[in-house]
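Quick note: the sequence shown uses my numbering, first residue 7, plus one each step.
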Amino acid sequence: MQESDNVKAIEMSKPSKGPSKTAETIAMVRVGESRRPEDERICYDPYAIRFISREVLEFATNNPEKYKAFLAQSERLVPGVRNSIIARVRYFDDVVNSSIGDDLEQLVILGAGYDTRAYRIEGLKNVRIFEVDQPATQKIKVEKIKEIFGTLPSHVTYVSADIGVDELGRRLHESGYDRSQKTLFIIEGLFMYLPPGSVDETLSFIAHNSGRSSTIVFDYIPESVVDGTCELEAGKNWRKGVMDVGEPFLFGIKEGEIETFLTQRGFSKIRNVTSKDYKKAYFFGKNESREMNSLLSFAYAVVV
């Protein structure tokens, strides 16, 4: 394999109708963080490595210097993005754990990819979980879970749906989703890849089809990154990068408008978590020098 082919393998360009390569890329970020010493890592995912293709693992193992160079180049183009993704994993984990202690009944993970919360967060064994994703990615996910555990866990239901194309509500209800129960919706690394109409439809479904005090947590980017008007070099590079691998950004929220955006769509008690917020919450002591990406923020809200 030539070096250019190796780089393509790491960048993991997505086949038109195949499994999401972005899901594998994010799993690789979790693998890297999980290998840090226990007193340094921000999040820990012992199963993430099982979702990395043999091709990528072999390249990283057999060509450590080239792999380090690739990571360094990615960091130069979009500084802090890996640390912000790691912070996202940790913040969403914290939301899940807090929700479990607050009588959570259902968890819906939209665009689940290779999310492993259902298998690594112990308190979720008593919660009904729905993992929703497009069929090609979910097929690989199910195969890997069977390899890891020998069988599929009884508390997890896999819902095949291409969010933004298939009717989410119908697919969930057919799978046993109960609209009267207290539910947490996790939407991680998804909204920015959906057209605005699909984002609105998803939020409308959640606002009108979930139990009292149900909640939502998701991440988002500024609208300026999506439309190309972002003046930051990192924003320009990030936009070009996702376009080059065939997964362009389609949705963003204007800076300073997250509260208005969610209030208008039936949500309250909104928390906006910026890069400064999650830097302060998680990256201190030995991790103080790790850079964040100011373009990635998180939002948490309660259904009215």
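Glycine included, C-beta positions come from ideal geometry on N, C-alpha and C.
Buried versus exposed call for Glu173 [16 or more other C-beta atoms within 10 Å across all chains shown] = Counting Cβ neighbours within 10 Å, Glu173 comes out exposed, since fewer than 16 surround it.
Distance CB(Phe289)-CB(Ile48) smaller than 9 Å = Yes. Within cutoff.
Under 7 Å Cβ to Cβ from Arg96, same chain only, skipping five residues before and after it: list those, please.
-> Ile48, Cys49 and Tyr288
Which residue spans inside the stretch 180-233 form an unbroken beta strand (DSSP E) run of at least 3?
-> 189-193 and 221-226
Provide the residue span of the alpha helix (DSSP H) that contains Val102, from first to last.
-> Val87 to Ile106
Quick one: give me the first and last residue of the beta strand (DSSP E) that Phe76 is part of.
-> Where Phe76 is concerned, there is no enclosing beta strand (DSSP E), although the alpha helix (DSSP H) it sits in stretches over Pro70 to Leu83.
Opening and closing residue of the alpha helix (DSSP H) in which Tyr125 lies | Arg123 to Arg126
How would you call Lys260, buried or exposed, if buried means at least 16 neighbouring beta carbons within 10 angstroms?
-> exposed
Mind checking whether Ser220 and Val308 have CB atoms under 9 Å apart?
-> yes
Helix, strand or coil for Ser19 per DSSP?
-> Only weak support is given to the placement of Ser19: the predicted model assigns it a pLDDT of 32, under 50, and the value that follows is read from those uncertain coordinates. It is coil, neither helix nor strand.
Would you mind working out which of Gly170, Asp250 and Ala124 sits nearest Val162, comparing C-alpha positions?
-> Ala124
Looking at the structure shown, is Val308 part of a helix, part of a strand, or coil, going by DSSP?
-> strand
Is Glu137 helix, strand or coil by DSSP?
-> strand
Tyr284: first and last residue of the uninterrupted beta strand (DSSP E) it sits in | Element bounds for Tyr284: not the beta strand (DSSP E) but the alpha helix (DSSP H), Ser281 to Tyr288.
Go through its chain and collect everything with a Cβ distance to Arg94's Cβ below 6 Å, but skip five positions before and after it.
-> Cβ within range, chain order: Asp225.
Is it right to say Glu194 is buried, meaning 16 or more other beta carbons lie within 10 angstroms of its own, or is it exposed?
-> When all chains shown are included, Glu194 counts as buried.
Range covered by the alpha helix (DSSP H) that runs through Thr266 | Ile264 to Thr269
With 16 other CB atoms within 10 Å as the buried threshold, where does Ala33 fall?
-> buried
For Met298, the nearest candidate out of Ser204, Phe76, Gly86 and Glu263 (CA to CA) | Answer by Cα proximity: Gly86.
Quick one: Cα of Ser10 to Cα of Val84, how far?
-> Because Ser10 carries a pLDDT of 35, less than 50, the predicted location of this residue cannot be relied on, and the following value inherits that uncertainty. Spanning the two alpha carbons is a distance of roughly 21 Å.
Would you be able to state if there are at least three C-beta pairs under 8 Å between the stretch 189-205 and the stretch 245-260?
-> The stretch 245-260 and the stretch 189-205 touch, with no fewer than 3 CB-CB distances between them shorter than 8 Å.
Count the other CB atoms, across all protein chains shown, that sit within 10 Å of the CB of Glu137; report buried if there are 16 or more and exposed otherwise.
-> buried
Just mark Val165 as buried or exposed, buried being the case when its beta carbon has 16 or more other beta carbons within 10 Å.
-> buried
Limits of the alpha helix (DSSP H) - the one that Ile32 falls within | Lys27 to Ser40
Do you know offhand how far Ile58's Cα is from Ser210's?
-> Taking the straight line from one Cα to the other gives about 34 Å.
Is Ala65 buried or exposed, if buried means 16 or more other CB atoms sit within 10 Å of its CB?
-> Correcting the residue identity first, residue 65 is Phe in this sequence and not Ala. It counts as buried.
Let me know the secondary structure DSSP gives Phe255 once reduced to three states.
-> Residue state, collapsed to three classes: coil.
Pick from Asn69, Gly217 and Arg42: whose alpha carbon is nearest that of Gln112?
-> Closest in C-alpha terms to Gln112, from the list Asn69, Gly217 and Arg42, comes Gly217.
Can at least three beta-carbon pairs, one atom from the stretch 26-43 and one from the stretch 116-123, be found at a separation below 8 Å?
-> The answer is yes - the stretch 116-123 touches the stretch 26-43, with three or more Cβ pairs under 8 Å.
Nearest residue (CA-CA) to Arg271, options His214, Gly262 and Val279 | His214
Please go through the same chain and pick out, in chain order, the residues whose beta-carbon is closer than 8 Å to the beta-carbon of Val310, but skip the five residues on each side of it.
-> Same-chain partners within the cutoff: Ala213, Gly272, Phe273 and Ser274.
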